[in-house]
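Shown next, in structure tokens, is the structure this report addresses.
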Amino acid sequence: MSRLSWRRLVPSARTLAIAPPFIWLCLFLLVPFLLVLKISFADLEFGIPPYSPLAGLKDQTLTLALHLRGYALLFSDSLYIATYLNSVKMAAITTLCCALIGYPMAYYIARAHPSVRNLLLLAVILPFWTSLLLRVYAWVGILRNDGLLNGVLLWFGVIDAPLEIYRTDLAVYIGLVYAYLPFFILPLYANLVKLDLRLVEAAYDLGARPWRVFWHIILPLSAPGVIAGAMLVFIPSVGEYVIPEMLGGANTLMMGRVMWTEFFNNADWPMAAAVTCVMVLLLLVPLVIFQYNQVRQMDGRKRRLDGPA
Amino acid sequence: MLEDRLGAPLRSGDADEFLRVESVVKIFDDTVAVKSVDLSVRRHELFALLGSSGCGKSTLLRMLAGFEEVTSGRIYLDNEDITDLPPYRRPVNMMFQSYALFPHMSVEANVAFGLRQEGVPRNEIHDRVFETLDLVQMAAFSRRKPHQLSGGQQQRVALARSLVKRPKLLLLDEPMSALDRQIRQKTQIELARILEQVGVTCIMVTHDQEEAMTMAGRLAVMSEGQIVQCGTPHEVYAFPNSRFVAGFIGSTNLFSGTIIVDQPDHVLIESAELARPLYVSHGVSEPLGMDVHVSIRPEHVTVLRSAPDSDYNWAHGMVAHVASVGSHARYQIRLDSGHVVEAHVPSPVLARSDAPGVDDEVFVNWSNDSATVLPS
């Protein structure tokens with residue numbers, strides 16, 4: 124009995140394996156987020172740091188001051204709400220475009236001959252070898268009114284006046300889709316390459332035409348890959364700063380830019396922190412719901428398997 | 009039960025011919041998978057393509073299903089040229105070796121899939137799906153997903169899915185290979201019963217000669233992309249036309265020799281491996297002096313304690329090994345020439361007190377009509 128309780132104190136292999144990522148997430152995700160959460164409830168002050176302390180001891184009285192100014196402003200000022208909605212809209216359209224462009228690409232790579240396949244994958248990954256900043260600068264050079272694209276189109280006589288793409292929402296979409304497309308292709312490719320081709324053959328054999336085979340067999344079976352890719356595109360797109368800043372116009376409203384303005388231009392740390400916290404909540408909630416459903420589905424599957432026949 | 013399927017080998021142009029494969033060739037890049045196959049299958053027949061892996065039998069099946077294009081040749085089904093039809097337009101359904109059930113669909117949806125593609129009305133789909141599931145005794149499992157079924161149950165769902173469209177031709181790709189040995193034999197008989205009940209024309213591919221002989225009405229032995237012999241299981245077993253077929257279908261004893269006497273009712277063959285000449289009383293058309301091979305099945309070889317009273321068809325040797333498989337024992341007998349002969353001794357003989365054991369001197373003997381002369 125005593126030996127048993129002693130053994131309880133020694134961490135199991137399972138605990139040891141889970142501990143490093145758990146500690147990592149705590150130190151570098153949870154703690155910083157709690158700090159930001161704390162700042163979001165502070166008041167603006169001149170000084171270093173530029174916000175008021177949350178709790179203070181004065182005349183033997185412990186005061187806990189939760190300032191809701193940031194949140195109040197957030198929900199009363201239509202600019203912030205519009206920014207949120209616009210960020211989500213732009214991220215959603217980016218995700219959709221990535222899906223429409225990325226699915227055929229991932230499918231083609233997965234079906235390509237193995238010797239060609241690695242070359243094609245390399246082509247997808249290759250842009251990562253250059254800094255994102257440089258690649259976005261390159262797009263500035265392409266999309267500007269006197270840039271490469273307009274130059275070529277004017278030279279060929281396709282257009283008479285330069286197209287105004289640079290500093291518009293369209294330029295931001297182009298930049299976002301360009302930057303995040305590999306994040307959609309890679310998880311989807313990993314899924315599609317494992318697809319059992321005999322299922323496709325079986326569907327053909329049962330009289331399904333190519334389009335119906337795709338719709339009823341390939342697409343449902345690759346759904347986990349599509350969802351993983353969509354998450355990897357959607358979540359960072361919502362908070363993207365660099366691309367809307369460099370390619371977008373003055374009225375391109377996105378969360379990342381608002382945060383930057385509050386933080387560096389207005390030096391309003393509590394406001395910037397409040398904007399951040401609401402954004403994290405906004406992104407976290409759908410993610411948690413999705414994850415919860417996944418787990419429940421898997422649990423149900425296991426229960427039915429274990430249960431009586 | 010299978011008698012009505014038996015009969016003489018089919019000639020081209022037979023009125024009952026349902027499927028005709030005409031000099032079909034398949035070349036992948038630089039390897040010839042199927043080299044000129046001609047095949048004729050009757051309506052309602054269960055036909056087996058038998059061969060070891062890489063002999064081209066699966067490629068031939070995939071060409072019938074439409075998954076592979078033929079390099080040359082034609083395929084006719086029910087007097088219609090289906091050679092260039094895509095798989096989804098062919099009145100042919102296949103039961104895959106791995107079953108290939110759609111993992112995201114229930115048993116019912118899997119079986120209904122084929123009918124949905126045809127635009128069959130919803131209530132008719134439901135009726136036909138359950139009629140077919142009843143046939144394979146899987147109606148109670150209609151709501152399960154494939155991964156919740158055992159291997160045998162998955163096989164029956166796969167069978168239902170390929171039968172529900174009432175195909176003109178059913179293809180079975182190694183139907184038993186994913187099943188445990190114990191349930192295999194029972195399933196073979198069950199599957200043959202269902203196929204007979206439905207009356208569908210069926211071609212199955214297998215590497216298991218026992219499976220082919222149990223289930224098929226006729227079979228074709230394939231080797232290196234060609235059909236080497238075609239006939240009923242009995243014909244192919246009793247009268248193999250080559251050493252390859254004799255060795256592939258069941259086990260056999262092979263001797264090589266020369267024809268020394270050629271009479272209308274028999275021939276005598278002298279073999280270096282046997283002290284006495286072979287006397288063969290039937291079906292030999294080879295000329296005098298020709299080198300031939302002779303096949304004698306182990307069950308036709310009897311093991312004796314004393315020399316038989318005959319000038320032919322026996323040899324002296326020593327028992328090298330005995331292995332009992334229950335119904336009979338397999339004797340390995342080393343002849344004086346060094347050649348090893350296998351003989352199957354039935355268990356009633358084994359039970360006698362004078363049954364020979366290892367290292368005993370024995371005589372092997374066979375009747376005049378049990379040897380088969382092989383031209384190649």
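So the sequences go chain by chain: A and B.
Convert by adding 123 to the 1-based position in the first sequence; the result is the number in our numbering.
Convert by adding 8 to the 1-based position in the second sequence; the result is the number in our numbering.
Where is the CB? At the ideal position from N, CA and C, for every residue including glycine.
For residue i: DSSP bridge partner residues
{"i": "MET212/B", "result": "ALA56/B, LEU180/B"}
{"i": "VAL269/B", "result": "LEU276/B"}
{"i": "HIS352/B", "result": "ARG338/B"}
{"i": "ILE35/B", "result": "VAL40/B"}
{"i": "GLU25/B", "result": "ARG50/B"}
{"i": "PHE263/B", "result": "VAL302/B"}
{"i": "TYR84/B", "result": "ARG28/B, ASP89/B"}
{"i": "TYR364/A", "result": "Paired residue(s): none; TYR364/A is not in a bridge."}
{"i": "TYR174/A", "result": "LEU167/A"}
{"i": "GLY239/B", "result": "LEU227/B"}
{"i": "MET377/A", "result": "Partner(s): none; MET377/A has no beta bridge."}
{"i": "GLU369/B", "result": "MET326/B"}
{"i": "ALA246/B", "result": "Per DSSP, none; premise fails for ALA246/B."}
{"i": "VAL311/B", "result": "VAL372/B"}
{"i": "LYS181/A", "result": "THR184/A"}
{"i": "GLN205/B", "result": "The partner list for GLN205/B (beta bridge, DSSP) is empty, contrary to what the question assumes."}
{"i": "ALA136/A", "result": "Its beta-bridge partners do not exist; DSSP assigns none."}
{"i": "THR380/B", "result": "SER303/B"}
{"i": "GLN234/B", "result": "SER231/B"}
{"i": "MET102/B", "result": "LEU179/B"}
Listed by chain order, chain B residues near residue i by CB distance under 8 Å
{"i": "GLU168/A", "result": "Going along chain B, no residue has its Cβ under 8 Å from GLU168/A, so there is no contact; the nearest lies around 58 Å."}
{"i": "ARG335/A", "result": "GLN125"}
7 Å CB neighbourhood of residue i in its chain, flanking five on each side removed
{"i": "LEU47/B", "result": "VAL29, ALA228, ILE235"}
{"i": "VAL269/B", "result": "VAL275, LEU276"}
{"i": "LYS34/B", "result": "ALA41, VAL42, THR67, MET71, GLU76, VAL78, THR79"}
{"i": "THR375/A", "result": "ASP292, VAL295, PRO367"}
{"i": "LEU315/A", "result": "ALA229, TYR230, ALA233, SER345, GLY348"}
{"i": "PRO285/B", "result": "ILE268, LEU276, ILE277, GLU278, TYR320"}
Cutoff 6 Å; reference residue i; Cβ partners in own chain excluding five residues on either side
{"i": "LEU180/B", "result": "MET103, MET212"}
{"i": "GLY379/A", "result": "GLY362, GLU363, TYR364"}
{"i": "THR291/A", "result": "GLY372"}
{"i": "GLU11/B", "result": "Here GLU11/B scores only 38 on pLDDT, less than 50, and its place in the model should not be relied on; the value that follows carries that caveat. Answer for GLU11/B: no residue qualifies."}
{"i": "LEU180/A", "result": "none"}
{"i": "ASP344/B", "result": "HIS324"}
{"i": "LEU187/A", "result": "ALA178"}
{"i": "ILE308/A", "result": "GLY225, MET228, ALA229, VAL247"}
{"i": "LEU14/B", "result": "At LEU14/B the pLDDT is 40, less than 50, meaning the model places this residue with poor confidence; the figure from the coordinates comes in the next sentence. Hits under 6 Å: THR240."}
{"i": "ALA220/B", "result": "ALA56, LEU58, THR214, LEU227"}
Contacts that residue i makes with chain B (C-beta to C-beta distance below 7 Å)
{"i": "GLU340/A", "result": "With the sequence shown as reference, residue 340/A is identified as Ile, and Glu is not the correct amino acid for it. Per Cβ cutoff of 7 Å: PHE110."}
Under 9 Å by beta carbon: chain A residues contacting residue i
{"i": "SER106/B", "result": "ASP319, ARG321"}
{"i": "ALA73/B", "result": "GLU324, TYR327, ASP328"}
Residues that residue i contacts on chain A, provided the C-beta gap is smaller than 7 Å
{"i": "GLU126/B", "result": "GLY330"}
{"i": "MET102/B", "result": "ASP328"}
Partner residues on chain A for residue i, Cβ-Cβ distance less than 8 Å
{"i": "PHE6/B", "result": "Beyond the ends of chain B as shown, which are 9 and 384, falls residue 6/B; an answer cannot be given."}
{"i": "PRO129/B", "result": "By Cβ distance, chain A contributes nothing, its closest Cβ being about 16 Å from PRO129/B, past 8 Å."}
{"i": "LYS173/B", "result": "LEU329, GLY330"}
{"i": "PRO95/B", "result": "GLU324, TYR327, ASP328"}
Chain-ordered neighbours of residue i on chain B, where CB pairs are closer than 9 Å
{"i": "ARG137/A", "result": "Simply none; closest approach about 26 Å."}
{"i": "LEU344/A", "result": "PHE110, PRO111, HIS112"}
Close beta carbons around residue i, own chain, < 8 Å, minus the five adjacent residues each side
{"i": "ILE141/A", "result": "none"}
{"i": "HIS352/B", "result": "PRO306, GLU307, VAL309, HIS336, ALA337, ARG338, TYR339"}
{"i": "ALA331/A", "result": "HIS339, ILE340"}
{"i": "ARG164/B", "result": "VAL144, GLN145, MET146"}
{"i": "GLU126/B", "result": "LYS173"}
Contact with chain E by residue i, beta-carbon distance below 8 Å
{"i": "ASN261/B", "result": "Structure shown: chain E not included; protein chains present are A and B."}
Quick one: any contact between the segment 185 to 200 of chain B and the segment 81 to 94 of chain B, if contact means 3 or more CB pairs under 8 Å? no
Entirely within the segment 190 to 257 of chain A and at least 4 residues each: give me those alpha helix (DSSP H) ranges in chain order. 192 to 199, 201 to 234, 237 to 248
Taking one C-beta from the segment 374 to 384 of chain B and one from the segment 287 to 307 of chain B each time, how about it: are there three or more such pairs within less than 8 Å? yes
Mind the definition here: the segment 163 to 182 of chain B touches the segment 123 to 142 of chain B only if three or more C-beta pairs lie below 8 Å; say whether that holds. yes
Validate contact between the segment 240 to 257 of chain A and the segment 324 to 331 of chain A using beta carbons, cut 8 Å, 3 pairs: no
For the segment 387 to 404 of chain A against the segment 224 to 235 of chain A, do three or more pairs of beta-carbon atoms, one drawn from each stretch, fall closer than 8 Å, so that the two count as touching? no
Is there contact here, the segment 111 to 124 of chain B with the segment 186 to 193 of chain B, by at least three beta-carbon pairs under 8 Å? no
Do the segment 309 to 317 of chain B and the segment 242 to 254 of chain B meet, that is, are 3 or more Cβ pairs less than 8 Å apart? no
Can we say the segment 297 to 306 of chain A touches the segment 205 to 220 of chain A, given the rule of at least three CB pairs closer than 8 Å? yes
Please determine if the segment 53 to 62 of chain B and the segment 213 to 226 of chain B are in contact, where contact requires at least 3 C-beta pairs separated by less than 8 Å. yes
On the three-pair Cβ rule with 8 Å, is the segment 146 to 159 of chain B touching the segment 106 to 113 of chain B? yes
Is the segment 193 to 207 of chain A touching the segment 401 to 410 of chain A, taking contact as three or more C-beta pairs under 8 Å? yes
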